[in-house]
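Contents: one structure, followed by commentary.
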Amino acid sequence: MTDKTYPPVLSAADIEMFIENGFIRIDNAFPRELAKQARDIMWRDIPCDRDDPSTWTHPVIRLPGYGGGPFAAAANTPVLHQAFDQLVGKGRWMRRDGLGSFPVRFPHTDDPGDAGWHVDLSFAGETGNPDERSDFSAWRVNVISRDRALLMLFLFSDVGEEDAPTRIRVGSHKDMARYLAPAGEAGRSHMYLEQMGAERPQALATGAAGTVYLCHPFLVQAAQMHRGKTPRFMAQPALGLRHSFALERADGDYCPVEVAIRRGLAEGEEAG
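Going by my numbering, the sequence shown wraps up at 273, each residue one higher than the last.
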């Protein structure tokens, strides 16, 4: 929860863009020096020589979760806390102590093997099968985005168009809302989303180190091959949800994430 009161980070136009497009980019969301400190820590765990590209023999290396130090500091800047309040609602989100795992992508001619279109899942099923919680592929997502307030993309290195930026299908979160609605609170898993939002325009999550993309939890996105020259460091953690989203509120006090879901459902009804 935010400890102090800060002026709004996002304008009304920014919030409307988030609702319609499914994401907003915040430049200088955390200091570049924190990004450098974090990269230095991660390079110690990478089985490659940072100064010798001939040792970069894999298209992607997944590093385990990182917390504390520069990682916790990057996740908890006043800019981001204020933006969380604006998009999710004060008291509804959960503070992070770190940024989880990092898929570090290297310039490489091989397909990374993980570049399919998808949405991030948010909770384990409740079938009574103990294997379901440990098998992340069996996790689920539902129309009220249980346990997940936002998807976040933290850039810890400069990311240009050739540096494997995450691909985003602009506005696809509204398509996903309509897809998830019939499944109710149980939600869906094992989804094949290659065609979900395929007709929509694409955006690339580029930017300087210190940039953060705050994304609607239903946004359809994908990785891609790295065609640049330097490794790309990015974290993609969830922002936890303390108090569940609701699509029917007596007081009409909907946060922008809820407004986007409701708008997606309404557009489906109009089209039908």
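Glycine is no exception: its CB is placed at the ideal position from the N, C-alpha and C atoms.
Being a predicted model, the structure only gives us computed values, none of them experimental.
Only buried fits T212, as 16 or more other CB atoms lie within 10 angstroms of its CB. Note that the C-beta distance between L240 and A150 is below 8 Å. With fewer than three CB-CB distances shorter than 8 Å, the region 200-219 does not count as touching the region 101-109. The distance from the Cβ of S158 to that of S123 is about 27 Å, inconsistent with a contact at the 8 Å cut-off. Between L194 and M153, the C-beta gap is not smaller than 8 Å, which leaves the two residues out of contact.
Per DSSP, reduced to three states, the secondary structure at M192 is coil, with no helix or strand assignment. Taking F19 as reference, the option from R263, P108 and P257 with the minimal CA-CA separation is P257. The region 22-98 contains, as complete alpha helix (DSSP H) runs of 4+ residues, the segments 33-44, 70-76 and 79-89 (chain order). Non-local C-beta neighbours of F155 in its own chain, meaning closer than 7 Å and more than five positions away in sequence, comprise A75, L100, V213, M235 and A236, ordered along the chain.
Taking C-alpha positions only, A199 is separated from G188 by approximately 22 Å. About 5 Å separates the beta carbon of I262 from that of A178, a gap short enough to meet the 8 Å contact definition. Listed in chain order, the non-local C-beta contacts of V10 below 6 Å within the same chain comprise V80, Q83 and A84, local neighbours out to five positions each way being set aside. Each residue's CA atom was taken as its position, placing G208 and D164 some 10 Å apart.
At the C-beta level, R141 and A223 stay beyond 8 Å of one another. For A204, there is no enclosing alpha helix (DSSP H); the enclosing beta strand (DSSP E) has its first and last residue at Q203 to L205. The Cβ atoms of P71 and A116 lie no closer than 8 Å to each other.
For the pair P108 and V61, the CB atoms are not nearer than the 8 Å cut-off. Looking at the DSSP output, V142 bridges to R189. Contact between A210 and A36 holds, since their C-beta atoms are separated by about 4 Å, short of 8 Å.
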